[in-house]
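Worksheet: one structure, shown below.
There are 2 protein chains.
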Amino acid sequence: MEISSMQLFSRLIVILSAFAMTACVTTSDPLPSWNDGQTKTNIITFVTKITDKNSVDFVPKEERIATFDNDGTLWSEQPYYFQLAFAFHQVKLMADKHPEWKTTEPFKSVLADDMKGVMASGEKGLLQIVSATHSGMTAEEFEKSVYDWSTTATHPTTGKLFTSMVYQPMLELLQYLRANDFKTFIVSGGGVDFMRVFTEQIYGIPPEQVVGSEIDSQFKLIDGIPTILREPKLLFVDDKAGKPIGIYRHIGRRPIFAAGNSDGDLAMLEYTTISRGPDDKSLRFGLLVHHTDAVREWAYDRDSKIGKLDLGLDEAPKQGWTLVNMKNEWKVIYPTAK
Amino acid sequence: MEISSMQLFSRLIVILSAFAMTACVTTSDPLPSWNDGQTKTNIITFVTKITDKNSVDFVPKEERIATFDNDGTLWSEQPYYFQLAFAFHQVKLMADKHPEWKTTEPFKSVLADDMKGVMASGEKGLLQIVSATHSGMTAEEFEKSVYDWSTTATHPTTGKLFTSMVYQPMLELLQYLRANDFKTFIVSGGGVDFMRVFTEQIYGIPPEQVVGSEIDSQFKLIDGIPTILREPKLLFVDDKAGKPIGIYRHIGRRPIFAAGNSDGDLAMLEYTTISRGPDDKSLRFGLLVHHTDAVREWAYDRDSKIGKLDLGLDEAPKQGWTLVNMKNEWKVIYPTAK
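The listed protein sequences derive, respectively, from chains A and B. The first sequence begins at 18 in the numbering used here and counts up one residue at a time. The second sequence begins at 18 in the numbering used here and counts up one residue at a time.
Okay, structure coming up:
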């Protein structure tokens with residue numbers, strides 16, 4: 018039987034593909050965007066030990082809980098938290114119905130794109146902006162507004178979609194942990210209902226595995242339709258000592274892996290990693306992302322108003338936490354496909 | 018080749034086993050403790066439709082959220098909520114450290130096993146008992162006390178372990194839903210940290226899928242050890258209109274299946290099943306367990322102080338909820354092995 022050159026070519030492709038697949042399997046790297054080094058070694062060693070049934074450090078699947086901060090840990094947070102960008106966006110969309118905002122701070126500054134003016138309104142001003150844009154509507158209306166923003170709004174300096182400014186190396190870390198039967202949670206100071214709209218899409222983390230700050234709400238039948246109304250009352254701030262409390266209330270067991278990037282995450286890392294006493298010899302992992310890359314992302318730590326990392330830099334070596342030097346350890350920052 | 022009778026016997030066993038397995042597969046009943054009838058048909062029809070990719074009613078796996086009340090829906094609740102039995106048990110264990118309880122109500126009555134006296138202390142008295150036994154200790158201490166109770170304490174009239182008084186038909190329902198890729202949650206008025214100690218063991222529901230009433234807590238490093246302290250302040254009551262709110266805050270999406278047994282579950286069933294408007298044609302399931310079996314369990318509804326089911330009996334036919342007549346529809350109440 019004569020073989021045409023086309024057939025020969027097809028066969029070659031099949032053979033080469035088989036080789037390529039073998040190569041992929043044998044050189045498979047679960048964290049391809051992480052440079053080889055201490056951090057990558059630490060992570061893989063930890064996961065290998067706690068998943069090894071013959072290891073003293075073995076952890077049953079149901080206890081493999083990993084918690085991640087969001088702002089500055091899974092996506093960027095400069096020049097201001099992205100949820101604030103959402104709030105500014107909403108102020109502009111809602112301005113027609115609030116003619117008084119044209120002459121009233123802090124809304125006047127938001128409408129004029131005057132960030133200095135907005136920041137001058139202080140915490141009180143920011144709370145007014147958040148309250149006006151996050152409450153006084155139904156759960157469905159709020160969800161739709163977040164969805165619309167998340168699929169269209171772009172960052173003021175990078176021009177990228179906010180939701181594409183997620184860290185590729187951290188996406189791989191989430192995926193690697195899940196492939197090893199971890200349940201991955203977000204534990205963030207951000208609003209829980211804000212994050213939930215897009216966490217499944219961008220991180221593979223379902224709404225029920227998101228812990229965040231909470232406002233009050235009410236349930237009512239309105240015209241016979243079951244409705245949840247968002248109220249302008251802050252109930253829970255999932256930051257600092259609030260993070261272990263959020264974990265206790267929502268997850269109900271101590272994580273074995275926690276990742277953050279700021280002093281707001283210290284309590285979560287302490288809760289996760291510090292031994293309960295001489296009998297507690299379990300292996301735990303604490304990770305802090307250190308923003309050191311002024312070219313590809315941002316560089317900030319001890320003196321930053323957003324994502325301040327000061328005590329954490331001192332605590333990391335004492336507690337055995339892994340400090341990730343973003344500039345040196347990450348091959349890429351954001352996913353290239355997006 | 019000659020075949021010995023032993024070999025023949027072995028072959029027969031193999032053939033018979035193959036037959037038996039085939040029989041098992043073909044007659045497999047996911048709800049063997051439910052009598053054939055409308056309820057069983059309703060449940061199986063619903064699950065079949067929403068898992069059929071070719072059905073207009075198909076629901077993607079990640080949206081298959083099912084919520085279950087606990088007291089009276091998954092386990093018994095008479096003659097008083099089992100969590101109260103735990104509280105009484107703790108009062109007795111703690112009495113040595115509280116000599117004043119011997120002469121102070123409501124503790125005096127608890128110590129004297131005088132239930133009439135306890136009930137006479139009213140809601141205020143019950144709150145005092147719950148507060149004294151559920152706060153003022155660390156999360157670990159509380160967890161241990163619940164664990165000890167759950168593995169040893171027995172019911173005043175049946176003599177069974179409280180944790181064995183779970184409904185076998187409901188265990189099968191939970192399992193059936195999970196086998197069809199549902200995520201099963203508890204949404205109960207009970208204390209979230211109380212239930213979490215045993216829900217994985219007795220229902221296969223992990224701590225992070227339990228929603229319940231919450232008290233305040235604080236995080237502190239005590240002698241360098243990360244500690245959660247339980248505070249005597251009620252933060253959230255997961256009952257009535259609180260149930261949809263608990264679902265919104267904890268799960269972040271609307272269930273497609275909800276089960277309860279009392280008027281405290283009405284809002285959850287409304288939230289789950291009532292259409293959002295003419296465009297919302299999604300299939301939803303509401304189930305109410307009706308306690309009708311005075312011989313094998315208890316019979317109570319409109320006039321009961323515990324687990325009152327009054328409005329629910331009127332609403333069920335209007336809303337298309339499935340009312341489970343325990344006496345007629347359940348072959349057994351509790352698991353026989355326990």
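The beta carbon of each residue, even a glycine, is placed where N, CA and C say it ideally should be. Bear in mind the structure is a predicted one, so any value in this text is a computation, not a measurement.
At a Cβ-Cβ threshold of 8 angstroms, B:Ile273 and B:Phe253 do not count as neighbours. Remark: fewer than three beta-carbon pairs, one from each stretch, lie closer than 8 angstroms, so the segment 283-293 of chain A and the segment 100-112 of chain A are not flagged as touching. At least 8 angstroms separates the beta-carbon of A:Pro186 from that of A:Trp338. Here B:Tyr164 is exposed: its Cβ has fewer than 16 other Cβ atoms, across all protein chains shown, within 10 Å. Residues of the segment 271-285 of chain A whose Cβ lies closer than 7 angstroms to any Cβ of chain B, in chain order: Ala284.
Only residues of its own chain outside the window of five on either side were considered, and among them none has a CB closer than 6 angstroms to the CB of B:Ile60. For A:Leu178, there is no enclosing beta strand (DSSP E), since its DSSP letter is neither H nor E.
In this chain, B:Val341 is not harboured by any alpha helix (DSSP H); it is covered by the beta strand (DSSP E) spanning Thr339 to Asn342. Taking CB atoms only, A:Pro223 has a neighbour in chain B less than 8 angstroms away.
The segment 205-212 of chain B and the segment 189-197 of chain B do not touch, with fewer than three beta-carbon pairs separated by less than 8 angstroms.
The C-beta of B:Glu231 has 16 or more other C-beta atoms within 10 Å across all chains shown, which makes the residue buried.
One thing to note: B:Lys125 has its Cβ no nearer than 8 angstroms to the Cβ of B:Lys133. Listed along the chain, the chain A residues whose CB falls inside 8 angstroms of the CB of B:Ala156 are Tyr265. B:Pro249 carries a strand assignment under DSSP once its states are collapsed to helix, strand and coil. Between A:Val204 and A:Phe63, the beta carbon gap of about 19 angstroms keeps them out of contact (Cβ cut-off 8 angstroms). The three-state reading of DSSP puts B:Ile61 in helix, counting H, G and I together. Sorting B:Glu158, B:Thr289, B:Gly89 and B:Lys78 by C-alpha distance to the C-alpha of B:Met111 places B:Glu158 at the top. By the neighbour-count criterion, in which a residue is buried when 16 or more other Cβ atoms sit within 10 angstroms of its Cβ, A:Arg293 is exposed. Across the segment 203-236 of chain A, CB contacts with chain B closer than 8 angstroms involve Val209, Asp210, Arg213, Glu217, Pro223, Pro224, Glu225, Gln226, Val227, Glu231, Ser234, Gln235 and Phe236, in sequence order along the chain. Rounded to the nearest whole angstrom, the C-alpha separation of B:Ala275 and B:Leu304 is 6 angstroms. Boundaries of the alpha helix (DSSP H) around A:Leu191: Gln185 to Ala196. Contact between the segment 167-174 of chain B and the segment 245-263 of chain B is absent, with fewer than three C-beta pairs closer than 8 angstroms. In summary, the residues of the segment 235-250 of chain B whose CB is separated from some CB of chain A by less than 8 angstroms are Gln235, Phe236, Lys237, Leu238, Gly241, Ile242, Pro243 and Ile245, in the order they occur in the chain.
As summarised for the segment 217-303 of chain B, the continuous alpha helix (DSSP H) elements at least 4 residues long and confined to that stretch are 259-267 and 283-290, given in chain order. For A:Thr150, no beta strand (DSSP E) encloses it; the enclosing alpha helix (DSSP H) starts and ends at Gly139 to His151. Distance from the CA atom of B:Thr290 to the CA atom of A:Gln145, rounded to whole angstroms, is 35 angstroms. Within the model, the alpha-carbon separation for A:Trp166 versus B:Leu48 is close to 45 angstroms. Cα atoms of B:Pro123 and A:Leu326: separation of roughly 51 angstroms, rounded to the nearest angstrom. For B:Arg81, the nearest beta carbon of chain A is not closer than 8 angstroms to its own beta carbon.
Scanning its chain for C-beta atoms nearer than 6 angstroms, with the 5 sequence neighbours on each side dropped, one finds around B:Glu160 the residues Val214, in chain order.
DSSP places A:His106 within a helical segment (H, G or I) once states are collapsed to three. Judged by beta-carbon spacing, A:Thr216 lies beyond the 8 angstroms limit of A:Thr155, meaning their Cβ atoms are not closer than that value. Between the alpha carbons of A:Ala333 and A:Asp318 lies a distance of about 13 angstroms. Sixteen is the threshold: since fewer than 16 other Cβ atoms of the shown chains lie within 10 Å of the Cβ of B:Leu238, the residue is exposed. Residues of the segment 97-127 of chain A whose Cβ lies closer than 7 angstroms to any Cβ of chain B: none. Nearest neighbour of B:Leu328 by Cα position, chosen from B:His307, B:Lys348 and B:Tyr220, turns out to be B:His307.
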